[in-house]
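>
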Amino acid sequence: MQDWGIKELSTLLREKKTSSVEITTDYLASIKKKNPEINAFITVDENRSIAQAKLADERIEKGEGDALTGVPIAQKDIFCAEDWLTTCGSKMLHNFIAPYDATVVKKFNEAGAVNLGKTNMDEFAMGSSNETSYFGAVKNPWDLTRVPGGSSGGSAAAIAARMCPGATATDTGGSIRQPASLCGLTGLKPTYGLVSRFGMIAFASSLDQAGPMAKSSEDCAMMLNVMAGFDPKDSTSIDHKKEDYTKNIDQPIEGLKIGLPKEYFAEGLDGDVAKLIEAAINQYKKLGATIVDVSLPNTNLSIPVYYVLAPAEASSNLSRYDGVRYGHRTSQYDDLMDMYSKTRQEGFGEEVKRRILIGTYVLSAGYYDAYYLKAQQIRHLISEDFKKAFQLCDVIMGPTAPSTAFKANEKIDDPVTMYLQDIYTIATNLAGLPGMSIPAGFVNKLPVGLQIIGNYFDEARMLNVAHQFQKATDWHKAMPEGALS
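Each residue of the sequence shown is one higher than the one before, counting from 1 in UniProt numbering.
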């Protein structure tokens with residue numbers, strides 16, 4: 001049962017060949033057995049999950065169920081969930097019980113999905129390896145000595161280890177796509193504003209975007225049908241016409257124009273990874289697509305731009321964590337300022353403190369114009385690069401990450417090397433474009449992801465393009481050894 005995808009589970013539930021209680025119980029047993037080693041979940045509440053499953057079964061019995069009614073879904077611990085511990089992977093929020101549901105969580109609840117628990121993540125979504133969590137590092141189910149990617153590594157590891165069929169995730173600079181690549185999954189970062197950020201704990205508000213992660217593009221489409229939609233509670237939410245992302249997923253892609261940016265196949269890309277990406281492109285040619293050479297000349301500037309803008313926004317967003325209203329508070333202090341200082345020193349990890357300091361610096365008097373303003377100008381140029389490229393092609397493809405999953409602790413003490421893991425993903429966040437990663441093969445038994453980038457609000461086409469590849473290949477069906485044990 002644990003190897004069934006969301007689509008299969010939904011069908012079986014609708015046909016009443018199984019129950020949500022049976023499915024949920026099976027996954028909870030899997031979590032209990034595997035999570036102590038993999039550390040993908042921070043919080044699990046078996047009684048609450050089973051109670052939701054019982055309600056879902058009642059809805060199905062009455063003929064009132066939706067496509068995801070009764071399907072268990074894990075929630076990244078960046079989303080507030082009423083009466084659930086919501087930590088954002090940080091000591092600062094280690095005791096925070098959310099008083100309300102994030103819009104994403106609310107939508108899944110309304111659809112009748114079962115919340116299996118809250119998944120581990122890099123602290124405040126800052127990291128590319130899921131090693132900065134206060135609750136310990138997450139391990140990659142394909143190789144327990146390697147990282148699952150970050151910051152949504154808990155969600156990715158949970159799905160790969162078959163502890164859940166799908167999970168929510170967030171992407172600020174590649175945090176859905178990179179762990180999807182490293183764990184052999186499908187992950188989608190939607191267009192900025194398509195999915196509400198209300199109740200999603202902020203890292204960098206102009207970059208953060210929630211999205212689905214699952215085994216296949218069809219499963220992600222079903223999740224996106226629930227997640228997408230205008231939210232008046234989110235000032236960045238866009239009132240885009242509601243779509244059914246599963247409607248045209250089976251359409252042939254003959255005549256599709258695929259843009260290949262030369263900058264994505266330059267120095268820094270592992271040679272074996274490059275060969276797999278080329279093989280995936282050749283598969284698309286067999287499906288009737290044509291290849292167009294495009295250029296994204298400012299790609300090399302995306303990382304320095306990101307690591308000016310994102311920390312600047314983080315330094316502002318994280319100023320609310322001061323020990324006064326909620327979360328961690330230092331036990332001993334002399335006065336109010338001493339409490340602020342000690343609380344933040346104790347509550348934040350090293351990577352978060354590093355980014356707060358960088359962000360405060362680039363926003364300070366005398367440096368704002370030289371760093372922050374200049375980064376915003378280059379951000380516009382990066383968006384213009386994509387605009388020109390999409391005049392020549394329908395989608396852009398390339399590697400998701402420059403290599404397969406790296407060893408734990410290999411890059412944790414070298415921030416710049418760690419940041420380079422997001423070289424192919426960050427630009428889409430800066431431009432607000434949708435991007436996704438799908439499994440494209442293996443190098444030394446480790447998964448490799450193919451990245452698909454679409455134009456604004458072109459998620460339906462991207463999911464269709466991904467689905468046609470997955471109909472022709474079996475990479476997305478592979479699972480780590482022992483995943484079903």
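Note that CB positions come from ideal geometry on N, CA and C, so glycine has one too. Everything numeric in this text was worked out from a predicted model, so none of it was measured.
(1) Just reading off the beta strand (DSSP E) that residue 137 is part of, what are its end residues?
(2) What three-state label does DSSP hand residue 12 in the structure shown?
(3) What is the DSSP secondary structure of residue 147, counted as helix, strand or coil?
(4) Could you give the first and the last residue of the continuous beta strand (DSSP E) run that contains residue 170?
(5) When the Cα atoms are used, what is the spatial distance from residue 99 to residue 335?
(6) Between which two residues does the beta strand (DSSP E) containing residue 75 stretch?
(7) Between residue 367 and residue 307, what straight-line distance do the alpha-carbon atoms span, to the nearest angstrom?
(8) Which value, in whole angstroms, describes the spacing of the CA atoms of residue 435 and residue 332?
(9) In whole angstroms, what is the alpha-carbon distance linking residue 374 and residue 152?
(10) Are residue 268 and residue 423 closer than 8 Å when you measure CB to CB?
(11) Taking the straight line between their C-alpha atoms, what separation do you get for residue 162 and residue 29?
(12) Nearest CA to the CA of residue 187: which residue from 381, 220, 229 and 467?
(13) Any contact between the region 136-143 and the region 100-113? By contact I mean 3 or more CB pairs, one from each, below 8 Å.
(14) Taking all protein chains shown into account, decide if residue 131 is buried (16 or more other Cβ within 10 angstroms of its Cβ) or exposed.
(15) Could you give the distance in angstroms between the alpha-carbon of residue 294 and the alpha-carbon of residue 397?
(16) Helix, strand or coil for residue 324 per DSSP?
(17) Could you check if residue 93 belongs to the surroundings of the ligand GDP, using beta carbon to heavy atom distance under 7 Å?
(18) Does the Cβ-Cβ distance between residue 411 and residue 404 come in under 8 Å?
(19) With distance defined between alpha-carbon atoms, name the residue in 248, 252, 243 and 285 nearest to residue 259.
(20) Rounded to whole angstroms, what is the Cα-Cα separation between residue 240 and residue 193?
(21) Hey, how far is the Cα of residue 199 from the Cα of residue 80?
(22) Since residue 115 contacts residue 73 with CB under 8 Å, what's their CB separation in whole angstroms?
(23) Since residue 189 sits in a beta bridge, which residues does DSSP pair it with?
(24) Rounded to the nearest angstrom, how far is the Cβ of residue 323 from that of residue 339, given a contact under 8 Å?
(25) Tell me the rounded alpha-carbon separation between residue 227 and residue 70.
(26) Return the CA-CA distance between residue 156 and residue 1, expressed in angstroms with no decimal places.
(27) Select from 201, 251 and 191 the residue whose C-alpha is nearest the C-alpha of residue 230.
(28) Among the candidates 407, 266 and 164, whose CA atom is the shortest distance from the CA of residue 483?
(29) Assuming residue 49 contacts residue 18 (C-beta within less than 8 Å), just tell me the rounded distance between them.
(30) Straight-line CA distance for residue 204 to residue 348?
(31) From what residue to what residue does the alpha helix (DSSP H) around residue 116 run?
(32) Please report the Cβ distance between residue 272 and residue 443, rounded to the nearest whole angstrom; I am assuming they are in contact, meaning their Cβ atoms lie under 8 Å.
(33) So within the region 240-319, which uninterrupted beta strand (DSSP E) runs reach at least 3 residues, ignoring any that extend past its ends?
(34) If you reduce the DSSP assignment to three classes, tell me which class residue 179 lands in.
(35) Which residues bound the beta strand (DSSP E) around residue 451?
(36) Would you please state the rounded distance, in angstroms, between the beta carbons of residue 173 and residue 429? I believe it to be under 8 Å.
By the coordinates alone:
(1) Premise fails: residue 137 is in no beta strand (DSSP E) and is neither H nor E.
(2) Residue 12: helix per DSSP, three-state reduction.
(3) Three-state result, residue 147: coil.
(4) It spans 166-171 - the beta strand (DSSP E) in which residue 170 sits, taken as one unbroken run.
(5) Cα to Cα, the separation comes out at about 29 Å.
(6) 72-76 is the extent of the beta strand (DSSP E) around residue 75.
(7) When rounded, the distance between both Cα atoms is 15 Å.
(8) The alpha-carbon of residue 435 is positioned some 47 Å away from that of residue 332.
(9) Using only the alpha carbons, I get a separation of about 30 Å.
(10) Result yes, Cβ atoms of residue 268 and residue 423 sit closer than 8 Å.
(11) So the alpha carbons of these two residues sit roughly 11 Å apart.
(12) Minimum Cα distance to residue 187 is reached at 220.
(13) Taking 8 Å as the limit for Cβ pairs, the verdict is that the region 100-113 does not touch the region 136-143.
(14) In summary, residue 131 is buried, with 16 or more beta-carbon neighbours lying within 10 Å of its beta-carbon over all protein chains present.
(15) In a straight line, the C-alpha of residue 294 is about 10 Å away from that of residue 397.
(16) In the structure shown, residue 324 adopts coil according to DSSP, grouped into three states.
(17) Ligands in the displayed structure: none, and consequently the ligand GDP is not present.
(18) For the pair residue 411 and residue 404, the CB atoms are not nearer than the 8 Å cut-off.
(19) Per the Cα distances, 285.
(20) The straight-line gap from Cα to Cα measures roughly 9 Å.
(21) Roughly 5 Å separates the two Cα atoms.
(22) Indeed they touch by this definition, with Cβ atoms about 7 Å apart.
(23) Its beta-bridge partners are 435.
(24) That pair is a contact at about 6 Å.
(25) Looking at the backbone, the Cα of residue 227 and that of residue 70 are separated by about 16 Å.
(26) Each residue's CA atom was taken as its position, placing residue 156 and residue 1 some 19 Å apart.
(27) Among 201, 251 and 191, the Cα nearest to that of residue 230 is on 191.
(28) Comparing Cα-Cα distances from residue 483 to each of 407, 266 and 164, the minimum goes to 164.
(29) For residue 49 against residue 18, the beta-carbon gap comes to about 16 Å, at or over 8 Å, which does not count as contact.
(30) Cα to Cα, residue 204 sits roughly 16 Å from residue 348.
(31) For residue 116, there is no enclosing alpha helix (DSSP H); the enclosing beta strand (DSSP E) has its first and last residue at 114-119.
(32) Indeed they touch by this definition, with Cβ atoms about 4 Å apart.
(33) Counting whole runs of 3 or more residues, the region 240-319 contains the beta strand (DSSP E) stretches 257-261 and 290-294.
(34) In the structure shown, residue 179 adopts helical secondary structure according to DSSP, grouped into three states.
(35) Looking at the DSSP string, the run of the beta strand (DSSP E) that includes residue 451 is 446-453.
(36) Contact holds; Cβ gap of about 5 Å.
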